[in-house]
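Colleague:
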């Protein structure tokens with residue numbers, strides 16, 4: 001079996017007038033090809049109907065009864081099957097006890113701190129088959145950057161086990177080999193790579209099951225009252241609260257006297273030909289809209305600040321916008337003031 005790592009992904013279309021329906025994987029400077037060896041102490045894995053459907057339309061009519069996958073997976077010393085080299089996409093409904101090295105792709109539905117030490121958190125991930133609560137264990141403080149409700153994430157290195165009352169427990173440890181966490185909603189490639197998304201209309205947002213959408217919009221309204229300058233915690237990207245005894249992160253609740261950066265909190269109205277949407281964004285995404293740094297903006301006189309914001313109206317952007325309607329995280333104290341839609345990435349259209 002061959003494995004392809006870091007290929008160049010491009011669209012494939014028969015002519016310039018067709019929407020790209022297929023992906024082309026090309027060998028690039030960072031691409032590596034592996035021959036996956038046969039593992040010892042393996043077990044044969046059988047494809048479920050869910051996994052067969054995930055392989056694409058060409059396999060949709062293949063029989064699924066007792067279909068061996070040709071995949072061999074090793075077991076660890078405790079008898080758990082190691083899924084770190086499992087070539088098919090795993091879903092929440094596939095999870096059961098005695099599984100290690102599992103990878104999931106899904107949408108965050110809640111994230112919260114568990115321990116007072118700040119090293120343990122709970123993250124709830126949802127995909128098309130269900131929801132799973134994952135315990136995140138860090139060697140120190142939170143180190144995954146900003147993660148919020150509605151964000152699309154990929155997490156690998158999960159361990160699944162059954163507790164004493166046969167309830168599934170899923171955990172992720174930062175120190176374990178193969179542990180990886182990627183917040184796709186914050187990646188620049190999400191907007192730069194057209195093969196990774198389809199353009200949605202703003203009017204489609206309330207009626208779609210997807211939580212994250214890519215839209216082409218114009219900046220309809222922004223003013224000084226919708227813009228606030230705050231301190232953000234460098235580790236998690238959340239707002240820092242000023243308390244009598246010092247600065248504390250509103251999310252991970254740790255003191256952060258020196259680990260803070262000034263940034264924007266921005267409320268704005270975006271529009272396309274179908275609808276207008278009131279949304280919010282923070283940090284680098286807000287800078288992309290405003291096209292000015294926090295320090296540069298604060299140096300402007302008050303009347304020039306208002307004039308500058310007015311000149312930005314009707315600018316065009318490609319945005320990634322996420323539904324945060326089930327928000328249960330460190331932003332809870334400000335949740336009522338936030339719109340439902342968060343813009344996680346923005347790219348100005350030239």
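Residue numbers (the UniProt record's numbering): 1 to 350.
Ideal Cβ positions, reconstructed from N, Cα and C, are used throughout, including at glycine.
Taking the continuous alpha helix (DSSP H) assigned at residue 275, which residues delimit it?
Modeller: Per DSSP, residue 275 belongs to no alpha helix (DSSP H) and is neither H nor E.
Colleague: To which residues of the same chain is residue 165 closer than 6 angstroms at the C-beta, ignoring the five residues directly before and after it?
Modeller: So the list is empty, once near-sequence residues are dropped.
Colleague: Tell me the DSSP bridge mates of residue 316?
Modeller: Answer is 218, bridged to residue 316.
Colleague: Just the Cα atoms here: how many angstroms apart are residue 349 and residue 220?
Modeller: Those two C-alpha atoms are separated by around 15 angstroms.
Colleague: Ignore the nearest five residues each way along the sequence and tell me which others in residue 142's own chain have a CB closer than 6 angstroms to its CB.
Modeller: Within the same chain, residue 142 has close Cβ partners 235, 236, 252.
Colleague: Helix, strand or coil: which one does DSSP assign to residue 283?
Modeller: It is helical.
Colleague: What residue ranges within the segment 93-142 form continuous beta strand (DSSP E) runs of no fewer than 3 residues, ordered along the chain?
Modeller: DSSP runs (the beta strand (DSSP E)) wholly in the segment 93-142: 99-113, 120-127, 130-137.
Colleague: Using a 10 Å radius around the Cβ and a threshold of 16 neighbouring Cβ atoms, would you call residue 101 buried or exposed?
Modeller: Looking at its Cβ environment, which holds 16 or more other Cβ atoms inside 10 Å, residue 101 is buried.
Colleague: From residue 120 to residue 303, what does the alpha carbon distance come to, in whole angstroms?
Modeller: Going from the Cα of residue 120 to the Cα of residue 303 covers about 46 angstroms.
Colleague: Does the Cβ of residue 138 lie closer than 7 angstroms to at least one heavy atom of the ligand ADP?
Modeller: Of the ligands one can find in the structure shown there are none, so the ligand ADP has no counterpart to examine.
Colleague: Let me check understanding here. Comparing Cα to Cα, which of 325, 207, 25 lies closest to residue 280?
Modeller: Checking every option, the nearest Cα to that of residue 280 belongs to 325.
Colleague: Let me know if residue 83 comes out buried or exposed under the rule of 16 or more other beta-carbons within 10 Å of its beta-carbon.
Modeller: So residue 83 counts as buried.
Colleague: Since residue 310 is in the beta strand (DSSP E), which residue starts that stretch and which ends it?
Modeller: Run containing residue 310: none in the beta strand (DSSP E); it sits in the alpha helix (DSSP H), 302-311.
Colleague: Should residue 342 be labelled buried (16 or more other beta-carbon atoms within 10 Å of its own) or exposed?
Modeller: It is buried - the Cβ of residue 342 has at least 16 other Cβ atoms within 10 Å.
Colleague: Would you mind reading off the limits of the beta strand (DSSP E) that contains residue 295?
Modeller: Here residue 295 belongs to no beta strand (DSSP E); instead the alpha helix (DSSP H) covers 294-299.
Colleague: Kindly indicate which three-state DSSP category residue 88 falls into: helix, strand or coil?
Modeller: Residue 88: coil per DSSP, three-state reduction.
Colleague: Return the chain-ordered list of same chain residues with a C-beta closer than 6 angstroms to the C-beta of residue 181, the five sequence neighbours on each side being excluded.
Modeller: Closer than 6 angstroms at Cβ, skipping near neighbours: 144, 155.
Colleague: If you reduce the DSSP assignment to three classes, tell me which class residue 83 lands in.
Modeller: The answer is coil: DSSP assigns residue 83 none of H, G, I, E or B.
Colleague: From residue 254 to residue 140, what distance separates their C-alpha atoms?
Modeller: Answer to the nearest angstrom: the Cα atoms are 11 angstroms apart.
Colleague: Between residue 217 and residue 151, is the Cβ-Cβ spacing less than 8 angstroms?
Modeller: Contact: no.
Colleague: With residue 271 as the anchor, note down where its beta strand (DSSP E) starts and where it stops.
Modeller: First-last of the beta strand (DSSP E) with residue 271: 260-271.
Colleague: Spell out a yes or no on whether the segment 283-295 and the segment 311-326 are touching, meaning 3 or more CB-CB pairs, one atom from each, closer than 8 angstroms.
Modeller: These segments touch.
Colleague: Going by Cα to Cα distance, which pick from 198, 261, 206 is closest to residue 229?
Modeller: Comparing Cα-Cα distances from residue 229 to each of 198, 261, 206, the minimum goes to 261.
Colleague: Does the Cβ of residue 53 have 16 or more other Cβ atoms within 10 Å, making it buried, or fewer, making it exposed?
Modeller: Bear in mind that a pLDDT of 46 at residue 53, under 50, signals an unreliable position, so the number given afterwards is only what the model happens to contain. Residue 53 comes out exposed.
Colleague: Reducing DSSP to helix, strand and coil, say where residue 206 ends up.
Modeller: Residue 206 falls in the helix class under three-state DSSP.
Colleague: Only counting the same chain, and skipping five residues up and downstream in sequence, which positions put a Cβ closer than 8 angstroms to that of residue 92?
Modeller: Counting only Cβ-Cβ distances below 8 angstroms, and skipping sequence neighbours, we find 104, 106, 125, 126, 127, 129, 130, 131, 132.
Colleague: DSSP beta-bridge partners for residue 9?
Modeller: Partner(s): 25.
Colleague: Suppose you measure from the CA of residue 8 to the CA of residue 138; what does that come to, to the nearest Å?
Modeller: Using only the alpha carbons, I get a separation of about 32 angstroms.
Colleague: Under the three-state reduction of DSSP, which class applies to residue 200: helix, strand or coil?
Modeller: Looking at residue 200 - three-state DSSP - the assignment turns out to be coil, as it is neither helix nor strand.
Colleague: Using beta-carbon positions only, say whether residue 149 and residue 95 come within less than 8 angstroms of one another.
Modeller: The answer is no: Cβ separation not under 8 angstroms.
Colleague: Are the beta-carbon atoms of residue 239 and residue 256 separated by less than 8 angstroms?
Modeller: Contact: no.
Colleague: With distances taken between CB atoms, is the gap from residue 224 to residue 306 smaller than 8 angstroms?
Modeller: Contact flag set, yes.
Colleague: Distance check for residue 347 and residue 271, CA to CA, integer angstroms please.
Modeller: Using only the alpha carbons, I get a separation of about 15 angstroms.
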